[in-house]
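For the sequence shown, my numbering assigns the number 3 to the initial residue and increments by one for each residue that follows.
Inspection log for the structure reproduced underneath, given as structure tokens.
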Amino acid sequence: MKKNFSILSLSFLFVFSGCEKKNDIIVIGHRGAMGHALENTIESINKAIDFEVDGIEIDIFKTRTGELVVYHDPVLSRLTNSDAYIEEISLDSIENISLIDGSSIPTLNQVIDIIPDEIFLNIELKGMNTAYPTNELILKYSKQKNWNIDRFVISSFRWDELEKFRSINKEIKIAILVDSVFKIDSSLTLSREINAYAINPNNSFLSKEIVQKLKSKNLLVFPYTVNNIENIKRMKSIGVDGIITDYPERINR
């Protein structure tokens, strides 16, 4: 396959100690590989691993008892028979709730434990007060297992959580999630303040001009969530560095 990477893209991959580049463009599995299995489950994450992604994106909330669990919504009702808010119940309660496929909601610890050395983990801070415990958990794994912190990326639409995270950790990579073209300029301001390394914009408004603008500020660009083949081709044509997708196998075929 034709190699067509920016210098930024290459340097991004090289800083992942022990990570071997697998794809022509950086492929990030969205909530695992949710086009093939229920999102944010161990099965979905294993599917993404099987597809040889470069990175896996997951979402986290903090429970009432302080643990970090992997789930996309603040309320459990969409994928379970419970209408509880994650932040209002204990981990014990969550462990007794089954997802619609019969599996359990995983903890962040459980997910980290199954991620191979060559794959980075993009942790999206979905809930409030997730920055500090996420940092503590990453540092714990780095110390106990001698892991390189370059295996982790922190992202969020909650820019206040990104600011909190950077205030206590100057090293771990941060990607700013942007859901509107009208927030591009403010995301650039924030990127300077927190030394972000990437912008993860909604693909719907992304253009070659915006990509060039972001790259001119030494930022990588990873649009979400790109599933349609024609849209994948469009993202490649405007020069993005990687793609967040429900279908990792479609990106480099």
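Just so you know, even glycine gets a beta-carbon here, dropped at the ideal spot from N, CA and C.
Task: Through-space distance from N197 to T281, alpha-carbon basis - done: With the chain running from 3 to 255 in the structure shown, residue 281 is simply not present.
Task: Start-to-end residues for the alpha helix (DSSP H) that takes in F167 - done: W161 to I170
- [ ] Indicate whether the contact test is met: 3 or more Cβ pairs, each with one atom in the stretch 244-254 and one in the stretch 60-77, closer than 8 Å.
- [x] Too few Cβ pairs lie closer than 8 Å, so no.
Open item on the list: If distances are taken between C-alpha atoms only, which option among G129, K238 and D26 comes closest to V72?
Closed with: For the residues G129, K238 and D26, the minimum Cα distance to V72 belongs to G129.
Open item on the list: Considering just the uninterrupted stretch of the beta strand (DSSP E) at A177, what are its terminal residues?
Closed with: K175 to V180
Task: Local conformation of Y226 per DSSP, three classes - done: strand
Open item on the list: At the level of alpha carbons, what is the spacing between F224 and G104?
Closed with: 32 Å
Task: Whole-angstrom distance between I96 and L139, CA atom to CA atom - done: 20 Å
Open item on the list: Between the alpha carbons of H32 and L208, how many angstroms are there, rounded?
Closed with: 18 Å
Task: Cα-Cα separation between F167 and N48, rounded to whole angstroms - done: 28 Å
Task: Cβ pair count under 8 Å reaching 3, the stretch 205-220 against the stretch 148-156 - done: no
TODO: Using the Cα positions of I246 and I125, report the straight-line distance between them to the nearest angstrom.
DONE: 13 Å
Open item on the list: Does A35 come out as helix, strand or coil in the three-state DSSP assignment?
Closed with: coil
Open item on the list: Given this structure, state the Cα-to-Cα distance separating I116 from F122, to the nearest angstrom.
Closed with: Each residue's alpha carbon lies about 11 Å from the other.
Task: With 16 other Cβ atoms within 10 Å as the buried cut-off, status of N148 - done: exposed
- [ ] Could you check which residue in E232, T227 and S239 has the C-alpha nearest to that of V29?
- [x] Taking the Cα of V29 as reference, the smallest distance to any Cα among E232, T227 and S239 is reached at T227.
TODO: Please report the residue range of the alpha helix (DSSP H) in which V113 lies.
DONE: L110 to I116
Task: Nearest residue (CA-CA) to I107, options R80, I231, I240 and L216 - done: R80
TODO: Would you mind working out which of L164, V180, D61 and V77 sits nearest L216, comparing C-alpha positions?
DONE: V180
Task: Classification of D248 by the beta-carbon crowding that lies within 10 angstroms, buried from 16 upward - done: Residue burial is scored here from C-beta neighbours: D248 has at least 16 other C-beta atoms within 10 angstroms and is therefore classed as buried.
Task: DSSP three-state assignment for I254, whether helix, strand or coil - done: The sequence given here places Asn at residue 254; Ile does not occur at that position. N254 falls in the coil class under three-state DSSP.
Task: One or two residues paired with N202 in a DSSP bridge - done: L179
Open item on the list: Pop quiz: I99 and S84 are said to be a contact at Cβ under 8 Å. What is the actual Cβ separation, rounded to whole angstroms?
Closed with: The Cβ separation is near 5 Å, so the contact holds.
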